[in-house]
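Engineer: Got a structure here, written out as structure tokens. Questions coming.
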Amino acid sequence: MTAAFDFGSLVTHGKDGACRFEAAVDGMTCAACIGEIEQGLADLPGLDHARVNYADRRLALEWRDARFDLAAAFERLRRMGYTLHPFELAESERAEIETSRWLLRCLAIAGFAAMNIMLLSVGVWVGEGGGDIDPATRDLFHGVSALIALPAAAFAGQPFFKSAFAALRAGRLNMDVPISLGVLLALAMSVYETLTHAEHAYFDSATMLLSFLLLGRFLDHAMRRKTRAVAANLAALRAPLACRLSPDGGETLAPLAKIAPGDIVLVRPGERLPVDGVVATGASQLDESLVTGETRRRAVAAGAQVYAGSLNYDGALTIRVEAANGATLLDDIERLLEKATNARSRYVRLADRVSRLYAPMVHLAALVTALFWMWRGASLHDALITAICVLIITCPCALALAVPAVQVVASGALFRAGVLLNSADAIERLAEADTIVFDKTGTLTAPEPRVVNAAEIDAKVMDIAARLARASSHPLARAVAQQRPHAAALEAREDHGLGVAAMVEGVEARLGAARFCGLERQAAEFGAFDAEVSLVAFRHGDATALFKVRQTLRSDAVETIAELKARGFAIEILSGDRVEAVERVAAALRVEQWSGGLKPAEKVARLDALRAEGRKVLMVGDGLNDAPALASAHVSISPIDATQITQAAADAVFLGERLAPVVTTLDLARKSRALMRENLALSVIYNVFAVPLAMAGWLTPLIAAAAMSGSSILVTLNALRAGRAPTAKADPHAAAPPPPSLYGRGEPPELEAAE
Amino acid sequence: MTVLLFLIPLALLLGLGALAAFLWSLKSGQFEDLDGAAHRVLMDDDVEKDK
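See the structure below:
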């Protein structure tokens, strides 16, 4: 594309005058690319710094010099085979990065304190009870411990203190309240003990507690941050840059956020519409299947209302962008979306549900212990010590690690299987699903139309046709080009609205409309075909061919549905497409429950009805029209071809051309939930044994610390088992995350063939 | 036992040094890209090619 890019809006200016620009890099496949990109850019004039972030697949550029030309950098990378997709770091992601750094800092400090204090404590424990440590040395050790522990706890305990304080102020109890109480009481008591030259202090327990809890919290955060970063990249990859026309006819490419109502944007054939609006000039056919679910193309001309996400087939359109606060389809959908998202945020996570029960019980146990010992005649001091022991031994170390550790491992396994999680509690909700509702268009069927009669066409004809098709941007031509993915494009001239032509071996080859190739009669013989099939004609001398192009099922849709049924899921299809089209798909997949011609609100209504029956629905869908349904279902998955709004609404997205990741995800989610429960059970069992001992006052600090670490290590090791993805039915394509490509592999089954 | 008066501060100083180094590396963004760092070690970009 030759239009200049409107970079200014995406460059951030640092305090020191440096300009910074971040972009997601498409095409980075291996570690060698890091060096290639960085060195490829190194000698650009004016550039200070080019650094690739391999984990996030991003590139950061920094410069001060006005000579630096960002467009040149883009161009150079494009020639090397990489595409840059500029994006703005969302405020939420920036905050996420900050928080995870903060947690890591706290963790480092708590870990440092815990280790050093433990060193001193071990000295005290070994020396006590007939050992050779004298009281003065013990006091010295306790004093040094206090000097380390107090500032460290003051800093590293902040995440818990803040949250506990907020909860108390709101009149609630959360997990952080007993943690904070335990830590603060233990510290206060230890200081008192140190001052009165007592034998025991509990600085080690307090700091150990903090470091284990911070570890759990950091893991929890790291998982969400990673998936969010990848999701943001994918959004950037798919972010449609709009081509804005200025009044004098100049074209600038601008990110969508910078397009205002009233602007004129240009959409070429083969591009998706980036905005809602009214056609100003031009005429074309639009595939609105992503928006409405309807697969038949709609002819539009000046004055027609068009929606973002539609695919432009034939002609270039200029569109006047509509007011964003009008009654556009997007606004309607967003309103529904908001309502649905609010409804779902009431879901309570497994760990939270447990801690809701757990926190009051811990306080009660500690209180009862203290009262019991005072009633038995113990001093206030001794009673308090035992109570602190209870608070520490019940410390939800294992509990705090149990769920996040499994989440991290499971999300890693899912990532390798090509599935990205969007929300932290998605795993738990996925595991609960018992009913699966599929959208048809773009979900059960492949998002782009395909050639379905490829087997009947001569190989040589196909070669030439595919190379010709490569030269065209028409969506139907793309389907033909896909038959020979590695063919080079021919030097062709495009005849607008008719087709492309090029000289091959001295004879003109043509690809396009039937009349363009003189095949009207043959095309008419195909006559009785249904509305969903489009024909692409080809002529090269005497060799002719007609390509049948239509929506096809995803290559493994039949097997996937059968497997889901075998696992006992109820399957249903809800589609916005015409009833006949849905009926055919449902029959091919042997799904009894289906309905077609639904509007977004009707889909939501159906999901609500299912919920009222007590079902937990997993919604699998893409498209704008599905966004509210995705958000209102119990849990949702979206294929990566979906438009951005859907990605934001779905709990998980999967990559690639196959539907199998849905099965993998469900299997892994169920396994993970089982592991989470196992872990929670383990920590409860640990407490059942440890708490009575602590209440009886039999525990020495050494045993308490060892038991605490032991339980934490146990649940972490158990969580690692989630990493072994269920491979029984895994397919080779799902093993490695395929690049988000529009073109899949293998031959898709034709709808009729599957009947 | 007077040796403790030297050893304890020494141990703490070493630990603090390590902590400071970690916090510095965290602040300078060295934990942003752990996957890339693993691969960068293997790159020969500091070896001069034409001698």
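Protein sequence lines correspond, in order, to chains A and B.
Under the UniProt record's numbering, think of the first position of the first sequence as 1, with each following residue one higher.
Under the UniProt record's numbering, think of the first position of the second sequence as 1, with each following residue one higher.
C-beta: ideal position from N, C-alpha, C; glycine also.
Note that this is a predicted model, so its numbers are computed, not measured.
Might you give, ordered along the chain, the residues of its own chain that have their beta carbon closer than 7 Å to the beta carbon of A:Ala-728, omitting 5 neighbours on each side?
Structural biologist: Here residue 728 of chain A refers to the residue found at position 728 when the first sequence is read from its first residue. With a pLDDT of 41 at A:Ala-728, under the threshold of 50, the modelled position of that residue is not reliable, and the figure given next carries that caveat. Here the set comprises nothing.
Engineer: Examine chain A for any beta-carbon lying closer than 8 Å to the beta-carbon of B:Ala-21, and answer yes or no.
Structural biologist: Sequence index remark: in the second sequence, residue 21 of chain B carries index 21 (1-based). So, not an interface residue.
Engineer: Quick one: residues in its chain with C-beta nearer than 6 Å to the C-beta of A:Arg-51, no 5 flanking neighbours on either side, listed in chain order?
Structural biologist: Here the question's residue 51 of chain A lines up with position 51 in the first sequence. Excluding sequence neighbours, A:Arg-51 sits near Ala-60.
Engineer: Report the rounded CA-to-CA distance for A:Leu-666 versus A:Ala-722, giving the unit in angstroms.
Structural biologist: In the first sequence, the residue the question calls residue 666 of chain A occupies position 666. In the first sequence, the residue the question calls residue 722 of chain A occupies position 722. In a straight line, the C-alpha of A:Leu-666 is about 13 Å away from that of A:Ala-722.
Engineer: Would you report the Cα separation of A:Gly-326 and A:Leu-290, rounded to the nearest angstrom?
Structural biologist: The residue you call residue 326 of chain A lines up with position 326 of the first sequence. The residue you call residue 290 of chain A lines up with position 290 of the first sequence. A caution first: A:Gly-326 carries a pLDDT of 45, below 50, which makes its placement in the model unreliable, though a value can still be read off. If I take the Cα positions, the gap works out to 21 Å.
Engineer: Judging by CA-CA distance, which residue of A:Leu-245, A:Arg-297, A:Ala-198 and A:Ala-114 is the nearest neighbour of A:Gly-208?
Structural biologist: If you number the first sequence from 1, residue 208 of chain A lands on position 208. Here residue 208 of chain A is Met; the residue named in the question, Gly, does not match the sequence. Checking every option, the nearest Cα to that of A:Met-208 belongs to A:Ala-114.
Engineer: Assuming A:Asn-312 contacts A:Ala-650 under a Cβ cut-off of 8 Å, what Cβ separation, rounded to an integer in Å, is found between them?
Structural biologist: As a first step, residue 312 of chain A must be located in the first sequence, where it is residue number 312. As a first step, residue 650 of chain A must be located in the first sequence, where it is residue number 650. Actually they are not in contact, since the Cβ atoms of A:Asn-312 and A:Ala-650 sit about 25 Å apart, beyond 8 Å.
Engineer: Closest by CA to A:Leu-553, which one among A:Lys-440, A:Lys-603 and A:Ala-524?
Structural biologist: The residue you call residue 553 of chain A lines up with position 553 of the first sequence. Closest option to A:Leu-553, Cα to Cα, is A:Lys-440.
Engineer: In terms of residue numbering, what span does the alpha helix (DSSP H) encompassing A:Glu-38 cover?
Structural biologist: Start at 1 with the first residue of the first sequence, and residue 38 of chain A comes out as number 38. It spans 32-42 - the alpha helix (DSSP H) in which A:Glu-38 sits, taken as one unbroken run.
Engineer: Looking at C-beta atoms only, is the number of pairs between the region 152-166 of chain A and the region 132-139 of chain A that lie closer than 8 Å three or more?
Structural biologist: In short, these stretches do not touch, since the Cβ pair count stays below three.
Engineer: CA-CA distance, A:Ile-388 and A:Leu-364?
Structural biologist: Here residue 388 of chain A is taken as the residue at index 388 of the first sequence, counted from 1. Here residue 364 of chain A is taken as the residue at index 364 of the first sequence, counted from 1. Near 12 Å, if we compare the C-alpha coordinates of A:Leu-364 and A:Ile-388.
Engineer: Could you spell out the range, first to last residue, of the alpha helix (DSSP H) harbouring A:Met-503?
Structural biologist: By one-based count along the first sequence, residue 503 of chain A stands at place 503. Segment 499-504 is the beta strand (DSSP E) holding A:Met-503; no alpha helix (DSSP H) there.
Engineer: Use the C-beta contact count for A:Phe-165: other C-beta atoms within 10 angstroms, 16 or more gives buried, fewer gives exposed.
Structural biologist: Looking up residue 165 of chain A in the first sequence gives position 165. Exposed, because fewer than 16 other Cβ atoms sit within 10 Å of the Cβ of A:Phe-165.
Engineer: Among A:Val-662, A:Pro-600 and A:Leu-655, which has the Cα closest to the Cα of A:Ser-636?
Structural biologist: As a first step, residue 636 of chain A must be located in the first sequence, where it is residue number 636. The residue with the shortest Cα to Cα distance from A:Ser-636 is A:Val-662.
Engineer: So what does DSSP say about A:Val-52, is it helix, strand or coil?
Structural biologist: Residue numbering aside, residue 52 of chain A sits at position 52 when the first sequence is read from its first letter. In this structure, A:Val-52 counts as strand in the three-state DSSP scheme.
Engineer: Are the C-beta of A:Leu-47 and some C-beta of chain B separated by less than 8 Å?
Structural biologist: What you label residue 47 of chain A is simply residue 47 of the first sequence in a count that begins at 1. For A:Leu-47, the answer is no, since every Cβ of chain B falls outside 8 Å of its Cβ.
Engineer: Given this structure, state the Cα-to-Cα distance separating A:Trp-102 from A:Arg-584, to the nearest angstrom.
Structural biologist: One-based indexing of the first sequence puts residue 102 of chain A at position 102. One-based indexing of the first sequence puts residue 584 of chain A at position 584. Going from the Cα of A:Trp-102 to the Cα of A:Arg-584 covers about 55 Å.
Engineer: So A:Cys-19 packs on A:Arg-79, CB below 8 Å; how close in whole Å?
Structural biologist: Walking along the first sequence from the start, residue 19 of chain A turns up at place 19. Walking along the first sequence from the start, residue 79 of chain A turns up at place 79. Not really, about 23 Å apart at Cβ, beyond 8 Å.
Engineer: What residues of chain B sit near A:Ala-31, judged by a beta carbon separation below 9 Å?
Structural biologist: Sequence index remark: in the first sequence, residue 31 of chain A carries index 31 (1-based). Going along chain B in sequence order, the residues near A:Ala-31 (Cβ under 9 Å) are Asp-35, Gly-36, Ala-38, His-39, Arg-40, Leu-42 and Met-43.
Engineer: Quick check: the Cα distance between A:Phe-68 and B:Asp-44, rounded to an integer number of angstroms?
Structural biologist: Residue mapping note: residue 68 of chain A aligns to position 68 of the first sequence, counting from 1. Residue mapping note: residue 44 of chain B aligns to position 44 of the second sequence, counting from 1. Taking the straight line from one Cα to the other gives about 27 Å.
Engineer: Of the residues A:Thr-394, A:Leu-717, A:Arg-606 and A:Ala-110, which one's Cα is nearest the Cα of A:His-435?
Structural biologist: Locating residue 435 of chain A in the first sequence gives position 435, where the first residue counts as 1. Note on residue identity: the sequence assigns Thr, not His, to residue 435 of chain A. Comparing Cα positions, the closest option is A:Arg-606.
Engineer: Go ahead and pull the three-state DSSP assignment for A:Lys-616.
Structural biologist: Position 616 of the first sequence, counted from the start, is the residue given in the question as residue 616 of chain A. Of the three classes helix, strand and coil, the one that applies to A:Lys-616 here is coil, per DSSP.
Engineer: B:Trp-24 by DSSP, collapsed to three states: which one?
Structural biologist: Indexing the second sequence from 1 puts residue 24 of chain B at position 24. Helix at B:Trp-24.
Engineer: Rounded to whole angstroms, what is the Cα-Cα separation between A:Met-462 and A:Arg-590?
Structural biologist: Against the first sequence, residue 462 of chain A aligns to sequence position 462. Against the first sequence, residue 590 of chain A aligns to sequence position 590. Straight-line Cα distance between these residues: approximately 33 Å.
Engineer: Would you report the Cα separation of A:Leu-624 and A:Asp-26, rounded to the nearest angstrom?
Structural biologist: Here residue 624 of chain A refers to the residue found at position 624 when the first sequence is read from its first residue. Here residue 26 of chain A refers to the residue found at position 26 when the first sequence is read from its first residue. Whole-angstrom Cα-Cα distance: 24 Å.
Engineer: Between A:Ala-108 and chain B, is there a C-beta pair that is closer than 8 Å?
Structural biologist: Here residue 108 of chain A is taken as the residue at index 108 of the first sequence, counted from 1. Yes, A:Ala-108 counts as interfacial toward chain B.
Engineer: Label A:Leu-47 either buried or exposed according to how many other C-beta atoms from any shown protein chain fall within 10 Å of its C-beta, with 16 as the threshold for buried.
Structural biologist: Numbered from its first residue, the first sequence carries residue 47 of chain A at position 47. Result: buried.
Engineer: Just checking, does the region 505-518 of chain A make contact with the region 536-543 of chain A on the three C-beta pairs under 8 Å criterion?
Structural biologist: Contact between the region 505-518 of chain A and the region 536-543 of chain A is present, because at least three Cβ pairs lie under 8 Å.
Engineer: If you compare alpha carbons, which of A:Phe-689, A:Leu-693, A:Ala-570 and A:Arg-521 is closest to A:Glu-613?
Structural biologist: As a first step, residue 613 of chain A is located in the first sequence; it is residue number 613 there, counting from the start. Residue A:Ala-570 is the option with its Cα nearest to A:Glu-613.
Engineer: Taking only beta-carbon atoms, is A:Leu-84 less than 8 Å away from chain B?
Structural biologist: Numbered from its first residue, the first sequence carries residue 84 of chain A at position 84. It does not; no Cβ of chain B falls within 8 Å.
Engineer: Just to check my reading of the structure: A:Val-451 and A:Gln-483 have Cβ atoms closer than 8 Å, yes? What is that Cβ distance to the nearest angstrom?
Structural biologist: One-based indexing of the first sequence puts residue 451 of chain A at position 451. One-based indexing of the first sequence puts residue 483 of chain A at position 483. Contact flag correct, Cβ pair sits at about 6 Å.
Engineer: Cβ closer than 9 Å: which chain B residues qualify as neighbours of A:Val-52?
Structural biologist: Within the first sequence, numbered from 1, the residue matching residue 52 of chain A stands at position 52. What A:Val-52 touches in chain B: Asp-33 and Gly-36.
Engineer: Quick check: the Cα distance between A:Leu-273 and A:Ala-149, rounded to an integer number of angstroms?
Structural biologist: If you number the first sequence from 1, residue 273 of chain A lands on position 273. If you number the first sequence from 1, residue 149 of chain A lands on position 149. Those two C-alpha atoms are separated by around 60 Å.
Engineer: Could you tell me which residues DSSP pairs with A:Pro-449 in its beta bridges?
Structural biologist: In the first sequence, residue 449 of chain A corresponds to position 449, counting from 1. Paired residues: none, contrary to the question.
Engineer: How would you call A:His-733, buried or exposed, if buried means at least 16 neighbouring beta carbons within 10 angstroms?
Structural biologist: In the first sequence, residue 733 of chain A corresponds to position 733, counting from 1. Caution applies to A:His-733, whose pLDDT of 41 falls short of 50 and renders its modelled position unreliable; the value that the coordinates give is listed next. Buried.
Engineer: Based on Cα-Cα distance, which residue from A:Gly-697, A:Asp-276 and A:Asp-139 lies nearest to A:Pro-261?
Structural biologist: Numbered from 1 along the first sequence, position 261 holds the residue referred to as residue 261 of chain A. It is A:Asp-276 whose Cα lies nearest to the Cα of A:Pro-261.
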